[in-house]
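Below is one structure, written out as structure tokens; the observations come after it.
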Amino acid sequence: MRLFFFIIVLALPFLVLGLDNGLAVTPPMGWLSWERFTCNTDCKNDPANCIGERLYKEMADRLVADGYKDLGYEYVNIDDCWMEKERDKDGKLVPDRQRFPNGIKALADYIHSKGLKLGIYQDIVDGCNADPKQMDDLYPVFSTAVNKSSRDILFSCEWPFYQHAAGMKPNYQQIAKYCNIWRNFYDVVDSWQSILGIVDYYSQNQDEFVAAAGPGHWNDPDMILAGNFGLSYDEAKAQFMLWAVLASPLLMSNDLRHIRKEFSDLLKNKEIIAVNQDFLGKMGKRVQKNGNIEIWARPISPTDESGKYSYAIVFLNRNQLGGPASVSVQLNSIGLDSSNCYSVYDVLDPEVVTKYCPQDTLKVQVNPSGATMVIAKH
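Every number in the numbering used here is 458 more than the matching position in the sequence shown, counting from 1.
Shown next, in the form of structure tokens:
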């Protein structure tokens with residue numbers, strides 16, 4: 459499990475309801491090394507894939523050259539295993555001298571020169587030998603100190619996860635005051651079952667999670683895995699769509715140097731990203747379940763003149779057998795009740811728009827172990 463400090467270059471002073479540092483007004487987007495590259499420190503035999511200066515520079519290059527940065531992916535996050543095993547003579551943590559020969563400052567300068575922002579991992583007050591009962595005191599102290607520094611730093615916590623794992627009930631209202639984003643479940647791994655486990659945990663706790671989320675303070679169900687080895691295209695599509703509805707950080711952990719076009723196109727889908735980054739900052743939730751079919755919905759902009767929201771809707775098919783499922787739903791049964799009706803389209807085919815009113819039935823096809831996302835907009 460991981461604790462991050464996302465180092466920001468520039469930030470505007472927005473007022474937020476959670477941690478009052480003006481950051482993460484929408485969920486952060488970027489790239490993270492952990493799931494794809496873990497703790498590979500063998501730069502002698504695997505120089506292209508080890509945790510070192512080269513890896514982070516090359517991912518920054520790809521974010522810019524391949525158009526990710528222009529879509530909002532702006533963080534390059536160093537995860538675990540960047541440090542020497544011993545502190546320096548002054549008691550400070552230092553990067554591994556072989557793998558980061560120019561130091562973190564030089565790497566940060568390089569990342570910043572690309573118009574990107576650097577994040578870094580550390581274990582302080584995290585779950586390594588820390589008592590979860592003390593976290594209610596330790597995290598606020600550390601967060602306050604970070605917030606008083608001369609830097610604008612987006613703060614990512616593991617606070618609720620360790621308390622949940624210890625059988626405690628996290629206080630999400632307090633957590634939102636001190637963390638910009640927070641992990642609350644086990645690390646994602648490269649498998650469909652891992653994705654479904656996270657989805658189940660979020661549906662089981664969705665009322666509490668929705669109440670805690672908003673501009674400046676977000677639940678973090680963990681990394682985006684599209685382009686790795688364990689998920690099919692349909693499974694990767696389902697994760698990306700659901701994470702957008704959950705108002706999750708979109709932090710990819712993959713190899714952007716070697717990613718198939720279908721996955722990169724998915725990660726750069728402007729309609730899905732727009733849902734994730736919607737300025738209203740309302741987290742979605744599961745609104746209907748029928749066997750292996752689930753429907754998730756998120757209120758988004760624009761609203762109509764009476765204040766009724768538009769919606770992003772994800773149809774999830776958990777069945778792993780057979781062919782596509784035909785799913786039908788009457789819009790007013792999932793909360794879409796505006797008398798002004800809706801313009802509805804599939805995010806993968808946004809040019810085809812159909813008018814639907816609350817009493818109308820929407821029909822979609824959903825592949826097994828897959829998802830379909832539609833937008834119902836005013």
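We treat Cβ as the ideally placed atom computed from N, Cα and C, and that holds for glycine.
Starting from the Cα of residue i, find the closest Cα among the options and give me that residue.
i    : options                   : result
T812 : Y800, V805, H716 and R520 : Y800
V483 : G674, N727 and V599       : G674
L574 : S601, A624, E666 and M487 : M487
V804 : C815, V824, D795 and P485 : The displayed chain sequence assigns Asp, not Val, to residue 804. Closest option to D804, Cα to Cα, is V824.
S827 : R776, I653 and V787       : R776
C501 : R512, S759, D713 and P628 : R512
D594 : N750, H622, D528 and R609 : H622
S614 : M626, S608 and Y636       : Y636
C815 : N798, D807 and H570       : N798
Q697 : G672, R718, L714 and I731 : I731
P757 : N712, R520, L704 and Y533 : L704
K543 : T499, R520 and T819       : T499
Q631 : W650, Y644, I611 and D665 : D665
G510 : D538, A523 and G749       : D538
I562 : L481, V534, L714 and M741 : V534
K726 : A506, G525 and L490       : G525
N663 : S652, E693 and N629       : N629
V832 : Y691, A702, I771 and R744 : I771
A783 : L806, L794, D795 and N748 : N748
V802 : S796, L820, T761 and D795 : L820
I639 : M681, E693, L724 and H836 : M681
Y531 : D546, M710 and V822       : M710
S722 : V646, R744, Y691 and A702 : Y691
Is residue i buried or exposed, if buried means 16 or more other CB atoms sit within 10 Å of its CB?
i    : result
E752 : buried
I578 : buried
F472 : The predicted model places F472 with a pLDDT of 31, which falls under 50 and marks its position as unreliable, so this point remains unresolved.
C586 : exposed
P679 : buried
L470 : Note that L470 scores a pLDDT of 30, beneath 50, so its modelled location is shaky; the value from the coordinates is reported in the next line. By the 10 Å Cβ count, L470 comes out exposed.
R494 : buried
L468 : Because the pLDDT of L468 is 33, which lies under 50, any placement of that residue in the model is unreliable, and the number read from its coordinates should be weighed accordingly. Flag for L468 reads exposed.
T830 : buried
P559 : exposed
V810 : exposed
S786 : exposed
E763 : exposed
L477 : buried
A634 : buried
R557 : buried
G742 : buried
D736 : buried
R641 : buried
G739 : buried
L689 : buried
L779 : exposed
A624 : exposed
D610 : buried
S607 : exposed
Hey, could you find the ends of the beta strand (DSSP E) residue i is sitting in?
i    : result
N535 : Y533 to I536
E493 : Where E493 is concerned, there is no enclosing beta strand (DSSP E), although the alpha helix (DSSP H) it sits in stretches over W492 to F495.
N748 : K743 to N748
W640 : I639 to R641
L521 : Note, L521: premise wrong, no beta strand (DSSP E); alpha helix (DSSP H) at E511 to A523.
L708 : L708 to M710
L774 : S768 to N775
K719 : Not the beta strand (DSSP E): K719 falls in the alpha helix (DSSP H), residues K719 to L725.
Quick check on the DSSP output: the alpha helix (DSSP H) that includes residue i runs from which residue to which?
i    : result
V837 : This structure cannot settle anything about residue 837, because the visible part of the chain is limited to 459 through 836.
A702 : Y691 to V703
S571 : G561 to S571
Q580 : Counting along the chain, Q580 falls outside any alpha helix (DSSP H), though it belongs to the beta strand (DSSP E) covering K575 to Q580.
I653 : W650 to Q662
K728 : K728 to N734
E809 : Note, E809: premise wrong, no alpha helix (DSSP H); beta strand (DSSP E) at D807 to Y814.
A634 : Y630 to Y636
Per the DSSP calculation, residue i is bridged to which residue(s)?
i    : result
T819 : Q788
H675 : G672
W489 : V534 and M710
W754 : R744 and V772
K835 : S801
P553 : M541
T830 : F773
V824 : A783
Assuming residue i contacts residue j under a Cβ cut-off of 8 Å, what Cβ separation, rounded to an integer in Å, is found between them?
i    : j    : result
Q817 : N790 : 6 Å
I656 : G685 : So it is not a contact: roughly 18 Å between Cβ atoms.
I582 : L576 : Wrong, their Cβ atoms sit about 18 Å apart, outside the cutoff.
W489 : L521 : 6 Å
N479 : N605 : 5 Å
Y597 : W617 : 5 Å
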